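Notes for the one structure printed next.
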Amino acid sequence: MLADWWQYDFLRYTLLSGVLIGLICPILGTFLIVRRLSMMADGLSHVTLSGVAAGMLLSKKVALFQAINPLFFGMLFSVAGSLFIERLRKVYKSYQDLAIPIIISGGLGLFTVLISIAKGFNADLYSYLFGKIVAVTKDDLYALIGVAAVVLVTVFLMYKELFAVSFDEEFARVSGVARRSINLWFMVLVALTIAASMRIVGVLLISALITIPVAASLQIAGSFHQTILYAIVFAETSVLGGLYLAYLLDWASGGTIVLMAVLILFAVLGVKRLRAALR
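Numbering (the working numbering), first residue to last: 64 to 342.
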């Protein structure tokens, strides 16, 4: 069974993509949760879904767009959505959480309209919604490699700035940190990660992979560095275990991965509760 993962190209693409997703999602998720923006990923996922639907509609109606992967339209819409959210956060300074339901409603409304124009769903769109092992292509893998490289380089070079802005924006501003530029670039990274990960986890479930491993990590970590490290371990375990079970049982990869993440969270909570009771 394990030999199949190296025998078939699409399984190799899926495995490598899963490892990259398990690495970058919890890293960005840790910063998002510290910023109290855990729902940001959910909002951007709906916008990304609209981009995918737009790409599929254009490829259906215009011959020029048939060779373009709808994933790239999803990335374009997701980045635009991240810029729009950041703008709304500035407009509603005292009610910054309003940006999330606004972008979710707009993204879902646009998706519904595009689907009605295209006359319904198809199997390919289903894979974008919930993830599907056989749907991962070489182009999807290359796009994810590019996004992962940008995310890792950014976090490595700008870790102190991201840390400062995440915990105290005012202190970061007084210290001379370009918080607006950093916030904007960070949102773009989150948007690109969501779009690039949708083939594995599914655009409607990617926010769970960004937040649940971090939620489990926060229960046992003693520092910010440990939170990121444990979150990566939990995410990789969820992705690899979920992909294997999805392939073995012919389940949707996204749902299986998320269920693995939830089980890990429950296990961490159970162990922590047990240790507290023993003490």
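Even for Gly, the Cβ is constructed at its ideal location relative to N, Cα and C.
The model shown is predicted, which means the values in this text are computed figures rather than measured ones.
Nearest to residue 293 by CA position, among 88, 174 and 81, is which residue?
Mapped onto the sequence shown, residue 293 falls at position 230. Comparing Cα-Cα distances from residue 293 to each of 88, 174 and 81, the minimum goes to 88.
Can you find the residues in the same chain that come closer than 6 Å, C-beta to C-beta, to residue 323, ignoring five residues on each side of it along the sequence?
Translated into the one-based positions of the sequence shown, residue 323 becomes position 260. Excluding sequence neighbours, residue 323 sits near 301, 304 and 305.
Which one of 336, 86 and 227 has the shortest CA to CA distance from residue 216?
Within the sequence shown, the letter at position 153 stands for residue 216. Per the Cα distances, 86.
Beta carbon of residue 267, beta carbon of residue 193: below 8 Å?
Reading the sequence shown from its first residue, position 204 is the one you call residue 267. Reading the sequence shown from its first residue, position 130 is the one you call residue 193. Yes, Cβ-Cβ distance for residue 267 and residue 193 is below 8 Å.
Per DSSP, what kind of secondary structure is residue 246 in: helix, strand or coil?
What you label residue 246 is simply residue 183 of the sequence shown in a count that begins at 1. Three-state result, residue 246: helix.
Beta-carbon separation of residue 147 and residue 114 under 8 Å?
Residue numbering aside, residue 147 sits at position 84 when the sequence shown is read from its first letter. Residue numbering aside, residue 114 sits at position 51 when the sequence shown is read from its first letter. Contact: no.
Would you report the Cα separation of residue 171 and residue 264, rounded to the nearest angstrom?
Here residue 171 is taken as the residue at index 108 of the sequence shown, counted from 1. Here residue 264 is taken as the residue at index 201 of the sequence shown, counted from 1. Answer to the nearest angstrom: the Cα atoms are 19 Å apart.
With 16 other CB atoms within 10 Å as the buried threshold, where does residue 225 fall?
Position 162 of the sequence shown, counted from the first residue, corresponds to residue 225. The residue in question, residue 225, is buried, as its Cβ has 16 or more Cβ neighbours within 10 Å.
Mind checking which residues open and close the alpha helix (DSSP H) that includes residue 330?
Reading the sequence shown from its first residue, position 267 is the one you call residue 330. Looking at the DSSP string, the run of the alpha helix (DSSP H) that includes residue 330 is 316 to 341.
Alpha carbon to alpha carbon, how far is residue 155 from residue 335? Give it in angstroms, no decimals.
Within the sequence shown, the letter at position 272 stands for residue 335. Within the sequence shown, the letter at position 92 stands for residue 155. Roughly 39 Å between the two C-alpha positions.
Out of 104, 291 and 142, point me to the one whose CA is closest to residue 163's CA.
As a first step, residue 163 is located in the sequence shown; it is residue number 100 there, counting from the start. Nearest option by C-alpha distance: 104.
If we ignore side chains and look at the alpha-carbon of each, how far apart do residue 290 and residue 283 end up?
Indexing the sequence shown from 1 puts residue 290 at position 227. Indexing the sequence shown from 1 puts residue 283 at position 220. The straight-line gap from Cα to Cα measures roughly 8 Å.
When burial is assigned at 16 or more other CB atoms within 10 Å of the CB, is residue 83 buried or exposed?
As a first step, residue 83 must be located in the sequence shown, where it is residue number 20. By the neighbour-count rule (16 or more Cβ atoms within 10 Å), residue 83 is buried.
Could you tell me how far apart the beta carbons of residue 252 and residue 91 are, in whole angstroms, since I believe they sit closer than 8 Å?
Taking the first residue of the sequence shown as 1, we reach residue 252 at position 189. Taking the first residue of the sequence shown as 1, we reach residue 91 at position 28. Contact holds; Cβ gap of about 6 Å.
Leaving aside the five residues before and after residue 109 along the sequence, list all residues of the same chain whose C-beta is less than 6 Å from its C-beta, in chain order.
Counted from its first residue, the sequence shown places residue 109 at position 46. The residues are 167, 170 and 171.
Measuring CB to CB, does residue 145 end up less than 8 Å from residue 262?
For the purposes of this step, residue 145 is taken as the residue at position 82 of the sequence shown. For the purposes of this step, residue 262 is taken as the residue at position 199 of the sequence shown. Against a cut-off of 8 Å, the Cβ pair of residue 262 and residue 145 comes out as no contact.
Assuming residue 76 and residue 203 are in contact, meaning their beta carbons sit under 8 Å apart, how far apart are those beta carbons, in whole angstroms?
Within the sequence shown, the letter at position 13 stands for residue 76. Within the sequence shown, the letter at position 140 stands for residue 203. That belief holds up - the Cβ atoms of residue 76 and residue 203 are roughly 7 Å apart, short of 8 Å.
Taking residue 260 as the reference, give the member of 296, 273, 249 and 248 with the closest Cα.
Locating residue 260 in the sequence shown gives position 197, where the first residue counts as 1. When each option's Cα is compared against that of residue 260, the closest is 273.
Compare the C-alpha of residue 227 against each of 250, 281, 98 and 195 and name the closest.
Numbered from 1 along the sequence shown, position 164 holds the residue referred to as residue 227. Nearest C-alpha to residue 227: 98.
Go ahead and pull the three-state DSSP assignment for residue 119.
Working through the sequence shown from its first residue, we reach residue 119 at position 56. Of the three classes helix, strand and coil, the one that applies to residue 119 here is helix, per DSSP.
Looking at C-alpha atoms only, which residue of 81, 181 and 74 is the closest neighbour of residue 298?
Mapped onto the sequence shown, residue 298 falls at position 235. When each option's Cα is compared against that of residue 298, the closest is 81.
What are the start and end residues of each continuous alpha helix (DSSP H) run of 4 or more residues lying completely inside the region 249 to 288, in chain order?
For the region 249 to 288, whole alpha helix (DSSP H) runs of length 4 or above, ordered along the chain, are 269 to 281.
List the endpoints of the continuous alpha helix (DSSP H) containing residue 235.
Translated into positions along the sequence shown, residue 235 becomes position 172. Per DSSP, residue 235 belongs to the alpha helix (DSSP H) from 232 to 237.
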